[in-house]
Amino acid sequence: MATMVIGTLTSSYTAAVSSPPPLRRRAAAAKRAGERSLEETYGVRVERGASRERLAELGVERWSRWRTGRCRLAWDWHVDQLVYVVSGEVRVVPDGAASGLRHMRFVAGDLVRYPKWFEADLFFDGPYEELYHFRAHGDDDA
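Here the sequence shown stands for residues -1 to 140, where the numbers follow the working numbering.
Quick look at the structure:
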C-alpha cells in the first residue's frame, strides 16, 4: 500500500472498496426512523443536477480542476469549499459517522459546499473529476 502525505491530505490507494446499499433506500429508511441526513448533521450543502445558469452565476468554468482515480483520501477543510462534480462519483464518510455504511454520495452534476473544519474520508471507486473553489471569509453565500 502506497501512502502520500501533502499538507493535510493523506492518500492511501486500496485494492478493494466495498459497495454500500443503494443510497435512496438508506435515505428513506433514515427518514422513517426520524434521523437527520448526514448533510444536515455536518452542514454539507448539495444541489443535485445544478443548472447551467447556476454554474454560470458562480463562474464554475474559472475554477481549478482536479482529477483522480480509484483511491481513498483523508481530508479536512480549513475553509469552505465549493465543488462541482464533472464526472464520476465520491463517497464521503464524515469523521464521527457511526460506520462507513452511513455516507454521503455525490455524482456528476452535483454542486457541493463543504463547510470549514469538516473532516471526512473520501472514496473514489474509479475515474473522478471536479472543479473546485475555496471560499474566503466574506464571499457571497452560495
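Backbone N, C-alpha and C fix where the C-beta goes; we use that ideal spot for every residue, glycine too.
Beta-ladder partner(s) of Pro92, from DSSP: Beta-bridge partners assigned by DSSP to Pro92: Ala118.
Taking a contact to mean a Cβ-Cβ separation below 9 Å, would you say Ala118 touches Val77 in this structure? Result no, Cβ atoms of Ala118 and Val77 do not sit closer than 9 Å.
May I have the straight-line CA-CA distance separating Ala95 from Gly41, to the nearest angstrom? Rounded to the nearest whole angstrom, the C-alpha separation of Ala95 and Gly41 is 13 Å.
Reducing DSSP to helix, strand and coil, say where Arg68 ends up. DSSP places Arg68 in coil when its eight states are reduced to three.
I believe Val84 touches Ala106 by the beta-carbon criterion, under 8 Å. Please report the beta-carbon distance rounded to the nearest angstrom. Confirmed, about 6 Å.
Indicate the three-state DSSP secondary structure (helix, strand or coil) for Val42 in the structure shown. Val42: coil per DSSP, three-state reduction.
Hey, would you say Tyr126 sits closer than 9 Å to Ser62, going by beta carbons? If you check the CB distance, Tyr126 and Ser62 do not come in under 9 Å.
Quick one: give me the first and last residue of the beta strand (DSSP E) that Arg133 is part of. It spans Tyr126 to Arg133 - the beta strand (DSSP E) in which Arg133 sits, taken as one unbroken run.
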